[in-house]
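Chains as they are written, first to last, in my numbering: chain A, 696 to 1034; chain B, 696 to 1034; chain C, 696 to 1034; chain D, 696 to 1034.
4 protein chains.
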Amino acid sequence: MIVVMRPHASEEHVRHVVDLIREYGLKEHIIYGTDRTVIACIGDKRTVDKGAIENAPMVDRIVPILSPYKMASTEVKKARTEIPIGPGRFPIGGKKVGLIAGPCSVESREQLLKIADAVKSAGGIGLRGGAYKPRTSPYSFQGLGVEGLKILAEARDRTGLAIVTEVTSLENLEAVAQYADVLQIGARNMQHFPLLEACGKVAKPVLLKRGISATLEEWLLAAEYIINAGNQQVILCERGIRTFEDYVRNTLPLAVVPELHDKTHLPVLVDPSHSTGHAHLVPAMCRAAAAAGADGLLIEVHHDPEHAASDGAQSITPAQFADMMPTLRRIAQAIGRDL
Amino acid sequence: MIVVMRPHASEEHVRHVVDLIREYGLKEHIIYGTDRTVIACIGDKRTVDKGAIENAPMVDRIVPILSPYKMASTEVKKARTEIPIGPGRFPIGGKKVGLIAGPCSVESREQLLKIADAVKSAGGIGLRGGAYKPRTSPYSFQGLGVEGLKILAEARDRTGLAIVTEVTSLENLEAVAQYADVLQIGARNMQHFPLLEACGKVAKPVLLKRGISATLEEWLLAAEYIINAGNQQVILCERGIRTFEDYVRNTLPLAVVPELHDKTHLPVLVDPSHSTGHAHLVPAMCRAAAAAGADGLLIEVHHDPEHAASDGAQSITPAQFADMMPTLRRIAQAIGRDL
Amino acid sequence: MIVVMRPHASEEHVRHVVDLIREYGLKEHIIYGTDRTVIACIGDKRTVDKGAIENAPMVDRIVPILSPYKMASTEVKKARTEIPIGPGRFPIGGKKVGLIAGPCSVESREQLLKIADAVKSAGGIGLRGGAYKPRTSPYSFQGLGVEGLKILAEARDRTGLAIVTEVTSLENLEAVAQYADVLQIGARNMQHFPLLEACGKVAKPVLLKRGISATLEEWLLAAEYIINAGNQQVILCERGIRTFEDYVRNTLPLAVVPELHDKTHLPVLVDPSHSTGHAHLVPAMCRAAAAAGADGLLIEVHHDPEHAASDGAQSITPAQFADMMPTLRRIAQAIGRDL
Amino acid sequence: MIVVMRPHASEEHVRHVVDLIREYGLKEHIIYGTDRTVIACIGDKRTVDKGAIENAPMVDRIVPILSPYKMASTEVKKARTEIPIGPGRFPIGGKKVGLIAGPCSVESREQLLKIADAVKSAGGIGLRGGAYKPRTSPYSFQGLGVEGLKILAEARDRTGLAIVTEVTSLENLEAVAQYADVLQIGARNMQHFPLLEACGKVAKPVLLKRGISATLEEWLLAAEYIINAGNQQVILCERGIRTFEDYVRNTLPLAVVPELHDKTHLPVLVDPSHSTGHAHLVPAMCRAAAAAGADGLLIEVHHDPEHAASDGAQSITPAQFADMMPTLRRIAQAIGRDL
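(1) Anything in chain A within Cβ reach of Val-758/D, meaning under 8 Å, just list it in chain order.
(2) Starting from Gly-843/D, trace the beta strand (DSSP E) both ways and give me its first and last residue.
(3) Along the region 877-908 of chain A, where does the CB come closer than 7 Å to a CB of chain B? Name the residues.
(4) Determine, using beta carbons only, whether Ala-751/A comes closer than 8 Å to chain D.
(5) Which residue from Gly-728/C, Pro-702/C, Cys-736/C puts its Cα closest to that of Asp-714/C?
(6) Can you tell me whether DSSP reads Met-1019/B as helix, strand or coil?
(7) According to DSSP, is Pro-889/A helix, strand or coil?
(8) By the three-class DSSP mapping on this structure, what secondary structure does Pro-798/A have?
(9) Between the alpha carbons of Gly-895/B and Leu-993/C, how many angstroms are there, rounded?
(10) Could you give the residue range of the beta strand (DSSP E) that holds His-724/B?
(11) Helix, strand or coil for Ala-735/D, going by three-state DSSP, please let me know.
(12) In chain order, what residues of the region 832-862 of chain C put their CB closer than 7 Å to some CB of chain B?
(13) Under a CB-based cut-off of 8 Å, is Thr-971/C close to chain B?
(14) Between the region 910-922 of chain C and chain D, which residues of the former have a C-beta closer than 7 Å to a C-beta of the latter?
(15) Looking at Ala-984/A: is its Cβ nearer than 8 Å to the Cβ of Leu-961/A?
(16) Within 8 Å of any Cβ in chain C, is that where the Cβ of Asp-957/A sits?
(17) Applying the criterion that 16 or more other CB atoms from any shown protein chain within 10 Å of the CB defines a buried residue, is Ser-705/D buried or exposed?
(18) Hey, which unbroken runs of the beta strand (DSSP E) at 3 residues or more fall wholly within the region 758-835 of chain C?
(19) Hey, quick one: how far does the alpha helix (DSSP H) through Glu-861/C stretch, first residue to last?
(20) Using the Cα positions of Leu-890/D and Leu-915/D, report the straight-line distance between them to the nearest angstrom.
(21) Taking the C-alpha atoms as reference points, what is the distance between Ile-734/A and Asp-1033/B?
(22) Which residues of the region 974-1003 of chain D have a Cβ closer than 7 Å to any Cβ of chain C? Give them in chain order.
(23) Are the Cβ atoms of Leu-847/B and Leu-794/B separated by less than 8 Å?
(24) Under DSSP, the beta strand (DSSP E) around Ile-1051/B begins and ends at which residues?
(25) Would you call the CB atoms of Ala-747/C and Glu-718/D closer than 8 Å?
(26) Can you pull out the residues from the region 774-786 of chain D whose beta carbon lies closer than 8 Å to at least one beta carbon of chain A?
(27) Specify, as a first and last residue, the run of the alpha helix (DSSP H) that Val-897/B falls within.
(28) Could you give the C-beta distance for Leu-638/D and Ala-989/D, rounded to a whole number, given that I count them as a contact under 8 Å?
(29) Tell me the DSSP secondary structure of Leu-878/A in three-state form.
(30) Whether or not the region 1005-1014 of chain A and the region 967-981 of chain A are in contact is what I'm after, with contact meaning three or more pairs of Cβ atoms, one per stretch, closer than 8 Å; do they touch?
(31) Assuming contact is defined by CB atoms lying nearer than 8 Å, are Lys-696/D and Val-754/D in contact in what I supplied?
(32) What are the boundary residues of the beta strand (DSSP E) that includes Ile-697/A?
(33) Applying the criterion that 16 or more other CB atoms from any shown protein chain within 10 Å of the CB defines a buried residue, is Glu-869/D buried or exposed?
(34) Please confirm whether Ala-1008/C has its beta-carbon closer than 8 Å to some beta-carbon of chain D.
(35) Cβ closer than 9 Å: which chain B residues qualify as neighbours of Leu-868/A?
(36) With DSSP collapsed to three states, give me the class of Arg-1032/D.
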């Protein structure tokens, strides 16, 4: 960390900061520039809350140097992490791009099995579908609960698809962990730390969605909570961020894919459905995400979007899903991967 | 709700949408404009997920008309809600502006009592301080837990200040509810719906912070979750939003105060500490929030910010807190209120 | 346009709004809902400033229905616009994806010709390079001016590449129009309306970059200014938007590509250099933009980025540019286009 | 400036960066930390484009230390700048808060004089009103031009109010400079550098609005362009930034006021009309801006907002303007100022 002093800081001000730095167990290194004095702190520790030093007199600001996460970082582990999921042990993060698709919510046995069959036959490797639904309004459909989980498990038995479903709270973690192949932590829970820690104690892969306005650092620190609690099988999933744009539900920032591949060894998926919010934008964003190097896609597919219990506006049909496949495969191959 | 058709929608497309609308239990009202047909839907229900209609052919978009929250709305209850807190039953939302101050975290008995005394003697009516801390990094100080709650309770007994402290999870709700006067739900938990519902079943006021990128509608729907579960004592607290601005930790959007006073009967506090992130900006934002009509302020005060275990950069000292009081009182009086 | 009344608006309030609507030359259509009255206005005119009606008593808000642009819209012209550029008349907006590359600034004859040769031999169809540079700081390199334009023209004569260079002000429009094949309007000038109108009177294609925080509507209205002044050859270019993200200079929102292809007939380019700000992110974003359906790319290429006079951090080298080409070609072919 | 190397950078990589730093005329200072090497550069020059170094192998990032502006900075000039405006030479930036009010556009002589009289009698010190209007749509009212300027001048002669009006382009600078007391540069032109430089050569105060998504640094660099060209009379005016918030036209970030008072000696105004976009939010934001320490306010006032040619939704009436005055005066006095 670097402490930048204000222009007219006296030697006494510098001395005071040096004392603080030493109290925090660090070693100082003072650099007298032409306009400013800066103090580099050696032995920077991730556990020290350095912000406090900013409050010292004549300190302008603190510049952190280390990334605050460790175990999620390529600094610590260079080899890319592959995470096998589902009965087929499809390796997320490997050469092949994994397509996980399905409805926003499990609405009924008939609905889910119909969609699961379509996802399977089009070439998907996982089935998504919410049994517990975090809904913005208390008056919206809240999911089928355990009943939904059982339907998902039946769909897995029938198709071999890996089941990805959301755990929304400590209350339903046990149930979800019993039936799902991958525990999804939704964007709204990305910083629900007790849930992150609890998922860190489950022996199943965790799909961690990016919070709607999370920085990469916050996101990777959330992953670090899970890893730190004992579970290294963390899959990141970008689902769009909140910006001023109004033609989309969220803005999909695809540069996150190469940036994460540089900063972390964890696999990176993209959800083109939540990040656009409109079905007509989904195919192009699936293609773009694949071309950017995403390790997989999480796509909302519904056989009757006009009657979906949730997220109908952004769901594509099984036919549209199947139609995209040849193009996605060619794009994957163009960048040396496959589908 | 209004369905806007695309320019060249045929009569058949319109008919298809009308059928959908009727299926959803609504009555249609078709308006043929010069360029576009729009269909107004009468009998609009908050429980219908209308987004699905957007997926129908030749529909351009859906425009909601009703606000999706009810019980939090001035449409349903016009009289402003006053919520008495703490041993002194100070009415938040009444004529007087309530000042709640204290450290980010409870660090020790000595620290907390010293600050509590200072807050009391300067004219504060509540004491804030975290016993359970949601921290971005797993390596940061995580709070004293129940021990911290007991110290807070002792400070209340000693000073008469109302205790405001955060419940971070279903796990610690019972403990927090036992010791606190006001349950704080933090920004990161604003859409942790199971926690909202659980707090809705506790007979204590809930201070609901705005999520860092929540719209007003999402925030009021979060309040609606609490009210809908049975607890009408909801206090809203603005704590800054995430924007591109980099000289502040968050951007404090004070127009939210008059807008909320128009849209909801619930009281509105402002937290100038988290919303700026820097102690030198806090006094001006306290004054601005009071002038904008905030019903109270939530301020981080620490007797030794340079050594605070968390949020030192944004904490003001007890002396700075006391110094602000006369000015804040004059501003409150200027707008017909008091301190 | 739709006027939404507040819940308890009286018949008199409605009557007042109806009078206003008629004054504005529109016809009203009143719909009495269960909670609200809304008034649809027929004969909606783009020239009326309807915001004023919002100020009438008991009006909640105004919902515009028509898009405010016309000539840029697919509502008016369905056939996609192809714009031939440069000596080779390469059709931007046609089947082939056009690659335009070059340095941020023209720094010297030697530098530009070297880069131009590399762009040409790698398969580029246009050469970018600034002679007039809009720089955030008055102390930065401001460009070579007319001298730079002459060097660009020489590069065109030598390579056959189309010259794309920025006009920064009414002052240099004439000079730029004399030498360039395509007049670039930069992000900071997207709403410099006198410049838009002046470019609308020049018989050369205009490349209009999106403002850093422009909505699509504002961007298409800027295009409308140019078309309305007489020039239909407008090429749109996305170059990233300002958000809270800090690992990129700007966030590249690629969903804009399919959305624009739906809303406008104008061609759409993507600039992966400014939108990321870091060379290591550029190749992945080139691939993603091509996969999303962009009609072309605008890429910063410099033979010695460490010594570039501007934007060195985001420039890739000629070798990196050439390396990307086979992959980009395969992606273009995967979606039925070519390079 | 500080160069942060990647974790596993070799001595050779460090050496290469040191060579670059020396080429740029700087002196290096290498600090070997436990995880990273960082290189401090002494003799940092504002004219060097340091971004280029980021492209060197194994460089992680560049951290600037100096603020890039000089003459606008309190580092160079500590004493606050007072700028007298109009016939009355009211000192903007002095003890008194200056209220400048008027319509968005000059629509007619009758309209303007009526409003001017009201502004004067309520205690305003300046009259705002656009003769040249930058309008998002080419189909909107574009202003009266020179005719409008003459009406403004007449209003000044009649009332003694200082005339603040916008210069939208190099084309109308001469005319505006002839009639106005203060040249306003609008948000959209904040980075139209040729206009900034041209205004820097006029001997009249310049009111420089913040761009809708400008950082403070960009804004102060825009001011620096004007000062650098010879005009020290720059008044800054915050008018709201673009964020995800949808209940306001823009978000008003009032912490900018104390932050600017710390960073620059230039006076700071606030425009509560554009920054909210809705008349019902304007009075509260006027109060908040005054309490935050703004040196003046720029307010849209129209005697008949329902028929205003532009910005009717955000205009308050002369009666509402007069009503606010006593409260604003008391707030100004509460913080040791006056009106």
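Glycine included, each C-beta is placed from N, C-alpha and C at the ideal position.
Remember, predicted model here, so these are calculated numbers, not experimental data.
Answer, in terms of the structure:
(1) Ile-697, Val-758
(2) No beta strand (DSSP E) holds Gly-843/D; the alpha helix (DSSP H) holding it covers 841-854.
(3) Residues Arg-883, Asn-884, Gln-886, His-887, Phe-888, Pro-889, Ile-907, Ser-908.
(4) no
(5) Cys-736/C
(6) helix
(7) helix
(8) coil
(9) 54 Å
(10) 722-727
(11) In this structure, Ala-735/D counts as strand in the three-state DSSP scheme.
(12) For the region 832-862 of chain C, which is checked against every Cβ of chain B, not one residue is closer than 7 Å.
(13) Under the Cβ criterion of 8 Å, Thr-971/C is not counted among the residues facing chain B.
(14) Glu-913, Leu-916, Glu-919, Tyr-920
(15) no
(16) Yes, contact with chain C.
(17) exposed
(18) Complete beta strand (DSSP E) runs here, min 3: 778-780, 785-787, 793-797, 821-823.
(19) That residue, Glu-861/C, is in no alpha helix (DSSP H); its beta strand (DSSP E) goes 857-861.
(20) The alpha-carbon atoms of Leu-890/D and Leu-915/D are separated by roughly 15 Å.
(21) 46 Å
(22) Ala-974, Pro-1000, Glu-1001, His-1002, Ala-1003
(23) No, the pair does not count as a contact, with Cβ atoms beyond the cut-off.
(24) Because residue 1051/B is not part of the residues shown, which for chain B are 696 to 1034, the question remains open.
(25) no
(26) For the region 774-786 of chain D, which is checked against every Cβ of chain A, not one residue is closer than 8 Å.
(27) Unbroken run through Val-897/B: none, as it is neither H nor E.
(28) Coverage of chain D is limited to positions 696 through 1034, which leaves residue 638/D absent and any answer about it impossible.
(29) Here Leu-878/A sits in strand by DSSP.
(30) yes
(31) The amino acid at residue 696/D is misidentified as Lys; the sequence shows Met. It is not a contact, given that the beta carbons lie outside the stated cut-off.
(32) 697-700
(33) exposed
(34) yes
(35) Under the 9 Å cutoff, chain B gives no residues; its nearest Cβ is about 11 Å from Leu-868/A.
(36) Of the three classes helix, strand and coil, the one that applies to Arg-1032/D here is coil, per DSSP.
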